[in-house]
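All remarks here apply to the structure that follows.
Numbering (my numbering), first residue to last: 282 to 665.
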């Protein structure tokens, strides 16, 4: 007889029955590369939280980096000291060859122990496709059954033919308890874990959420009211009727305050310049010199720059750096050209010391706090 597993709160703002799946265990430590294989998907789920930059777009992202090659994905894994990767979408099965190639590359570069889990809506599952992914080295597969139709649920039989960890991962939508009970009953004997995700409101699904009467649980949260209560009901049901099943209720707070925060801190340690200060939250605090004061839409303006103009601005920055080094005896390693955002980066003391002179020349010195991620999103810009 299988002993019942108690419901326990984790240190990660989540709850569990039994141990976390291996993919989750690495994820909460910030050790998983999030590899977005494609935004294409055979479904059009009303609750999908994907951003407009990704949804239905056939692009590849490694964390916040819209990558141009597979080597970029490997580089991002190195920058966060990843111990594994999660292949997600969209539906990675829409671009099967791409998924297989990425899995093989990561396993070759980081070794067999590099843990790879993959998210899988069930529409495109076939024995041949699953076999390719299994041979490539996928360690764990997380199924996304259609919540509004049992069509495709029988494909679990195909998945169980292979030696890998099998789980189901679903959002917890208030008011759908009976459907979830049917789903658990159908899958519980074929899977080793069930992940219940707190339902969240995003910019892209907000209209559909509001239309259905869903609201956030408080003013500071994107989590939907009632999702957590239903998740606890489902956990209690599993404890009684599927006592050997590992269940994890993953909150939106875990994703922001734990998973993302830990991954950001890992990246900060690897990308920081000699002069950067890493804050307690893992942000980079640094001095910056802009050729002109950036305003609203500055990032989009940079993206639209032609090659000729970009080259001209970069050349101006290189010359400016040389003049500052020579005139003020600033060590070369304390001031660098940021080729992505077309500015100089330096230490906070250097920026403060040279601020008045730089402003007299029409430049814009500032103190910046920003994410250490590829997109370098600013939290604050304080012009001096």
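The beta carbon of each residue, even a glycine, is placed where N, CA and C say it ideally should be.
Everything numeric in this text was worked out from a predicted model, so none of it was measured.
- By the Cβ-count criterion, residue 289 is exposed, with fewer than 16 other Cβ atoms from all chains shown falling within 10 Å of its own Cβ.
- Counting along the chain, the unbroken beta strand (DSSP E) around residue 531 starts and ends at 527-531.
- In the displayed model, residue 379 falls within a helix according to three-state DSSP.
- When the five nearest sequence neighbours on each side are left out, the beta carbons in the same chain lying within less than 7 angstroms of the beta carbon of residue 310 are those of 543, in order along the chain.
- Looking at the DSSP output, residue 657 shares a beta bridge with no other residue.
- In this chain, the alpha helix (DSSP H) harbouring residue 467 covers 458-468.
- In the DSSP annotation of this structure, residue 423 is not part of any alpha helix (DSSP H); the continuous beta strand (DSSP E) holding it starts and ends at 421-425.
- For residue 519, the secondary structure class from DSSP, reduced to helix, strand or coil, is helix.
- Residue 384 carries a helical assignment under DSSP once its states are collapsed to helix, strand and coil.
- As a beta-bridge residue in DSSP terms, residue 289 pairs with 297.
- When the Cα atoms are used, residue 338 and residue 348 turn out to be separated by approximately 13 angstroms.
- Across the structure, residue 654 and residue 548 are spaced so that their CA atoms are roughly 7 angstroms apart.
- The C-beta distance from residue 319 to residue 373 rounds to 7 angstroms, short enough to meet the 8 angstroms contact threshold.
- For residue 391, the secondary structure class from DSSP, reduced to helix, strand or coil, is helix.
- Rounded to the nearest whole angstrom, the CA to CA distance from residue 479 to residue 456 is 14 angstroms.
- Within a 10 Å sphere around the beta-carbon of residue 588 sit fewer than 16 other beta-carbons, which makes this residue exposed.
- Going by DSSP, residue 399 is part of the beta strand (DSSP E) stretching over 396-402.
- A distance below 7 angstroms separates the beta carbons of residue 298 and residue 520.
- When secondary structure is reduced to three states using DSSP, residue 353 falls in the helix class.
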